[in-house]
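Beneath this line is the structure, given in structure tokens, with notes to follow.
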Amino acid sequence: EVQLVESGGDLVQPGGSLRLSCVASGFPFSNYWMTWVRQAPGEGLEWVANIQQDGREKYYVDSVKGRFTISRDNAKNSLYLQMNSLRAEDTAVYYCASEDSDSGFDYWGQGTLVTVSS
Amino acid sequence: QSVLTQPPSASGTPGQRVTISCSGNSSNIGTNTVNWYQQLPGTAPKLLIYSNNHRPSGVPDRFSGSSSGASASASLAISGLQSEDEADYYCAAWDDSLNGYVFGTGTKVTVL
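In the order they appear, the protein sequences are chains D and X.
Position 52 (the first sequence) corresponds to 71 in our numbering; numbering is contiguous.
Position 25 (the second sequence) corresponds to 92 in our numbering; numbering is contiguous.
Written out as structure tokens, the structure reads:
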């Protein structure tokens, strides 16, 4: 059974930092692109960033460039999102998802809530 | 920021057919394939349709997708609407200009 389990969400002050983790199981993690998608309270989905299988290629939505860094550790079947200089508008549930070039985001985690507030 | 435009809501009675549109541009739907996601209340999104018109294993054939590169638009159809289809639906595609994925604005489907 495929499982993606996110963790690391918390309440943080504006300007603060947070590191999200996503542990994968049940599929060949190192063979997949991985992605982060977020959803602000009551809002729609927003793609945040993705990373190639070997970690060399990474892409980000403009609003997080220079502040967020996506990374992975294939030996630990883990995906990460380092979030710095957090803003109120970064408040959202953050989902990790496996990404297939032909079939999109095929598996999703349950999400972890990040709240940026003073 | 959503680049793909969807109607905010759609509805139908049980058994009816509902269609949801997704409008983009030449950088996204005009060039790349479209995927659709279903998000039931309080849950994570789930892949519903991939590569314009393919269903993952386990998705009922009541769900179908289509896409037109020429018009940079796509649509999702739900036939034989059921109460368990009440959910939010999102289209998504890679955008060559933004070098990232873009989601649609989302459509809430209500079964009357």
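We put the CB at the ideal spot given by N, CA and C, even for glycine.
In three-state terms, what does DSSP make of residue i?
| i | result |
| --- | --- |
| residue 48(D) | helix |
| residue 120(X) | coil |
| residue 175(X) | strand |
| residue 69(D) | strand |
| residue 95(D) | helix |
| residue 101(X) | strand |
| residue 118(D) | strand |
| residue 108(D) | helix |
| residue 151(X) | helix |
| residue 125(D) | strand |
Just to check my reading of the structure: residue i and residue j have Cβ atoms closer than 8 Å, yes? What is that Cβ distance to the nearest angstrom?
| i | j | result |
| --- | --- | --- |
| residue 103(D) | residue 86(D) | 5 Å |
| residue 97(X) | residue 132(X) | The Cβ separation is near 16 Å, so there is no contact. |
| residue 116(D) | residue 57(D) | That belief does not hold up - the Cβ atoms of residue 116(D) and residue 57(D) are roughly 11 Å apart, past 8 Å. |
| residue 72(D) | residue 52(D) | 6 Å |
| residue 111(X) | residue 129(D) | 6 Å |
Considering only residues of the same chain and omitting the five flanking positions on each side of residue i, which have a CB-CB separation below 7 Å?
| i | result |
| --- | --- |
| residue 152(X) | 145, 176 and 178 |
| residue 44(D) | 22 and 96 |
If you compare alpha carbons, which of the options is closest to residue i?
| i | options | result |
| --- | --- | --- |
| residue 107(D) | 21(D), 24(D) and 29(D) | 29(D) |
| residue 159(X) | 171(X), 128(X), 150(X) and 165(X) | 171(X) |
| residue 83(D) | 121(D), 76(D), 74(D) and 100(D) | 100(D) |
| residue 121(D) | 123(X), 94(X), 84(X) and 85(X) | 123(X) |
| residue 54(D) | 119(D), 47(D), 44(D) and 62(D) | 119(D) |
| residue 100(X) | 111(X), 113(X) and 163(X) | 163(X) |
| residue 69(D) | 166(X), 115(X) and 76(X) | 166(X) |
| residue 91(X) | 107(X), 138(X), 105(X) and 150(X) | 138(X) |
| residue 137(D) | 129(D), 34(D), 76(D) and 61(D) | 34(D) |
| residue 132(D) | 79(X), 84(X), 109(X) and 80(X) | 109(X) |
| residue 123(D) | 125(X), 83(X), 106(X) and 119(X) | 119(X) |
| residue 76(D) | 89(D), 42(D) and 65(D) | 89(D) |
Indicate whether at least one CB of chain D lies closer than 7 Å to the CB of residue i.
| i | result |
| --- | --- |
| residue 156(X) | no |
| residue 102(X) | yes |
| residue 90(X) | no |
| residue 112(X) | yes |
Between residue i and chain X, is there a C-beta pair that is closer than 7 Å?
| i | result |
| --- | --- |
| residue 127(D) | yes |
| residue 98(D) | no |
| residue 34(D) | no |
| residue 63(D) | yes |
| residue 130(D) | yes |
| residue 78(D) | yes |
| residue 66(D) | yes |
Return the chain-ordered list of same chain residues with a C-beta closer than 6 Å to the C-beta of residue i, the five sequence neighbours on each side being excluded.
| i | result |
| --- | --- |
| residue 89(X) | 71, 73, 141, 158 and 171 |
In chain order, what residues of the same chain have a beta carbon less than 8 Å from the beta carbon of residue i, not counting five sequence neighbours either side?
| i | result |
| --- | --- |
| residue 143(X) | 86, 87, 89, 103, 115, 116, 130, 131, 132, 156 and 158 |
| residue 38(D) | 27, 99, 100, 101 and 102 |
| residue 94(D) | none |
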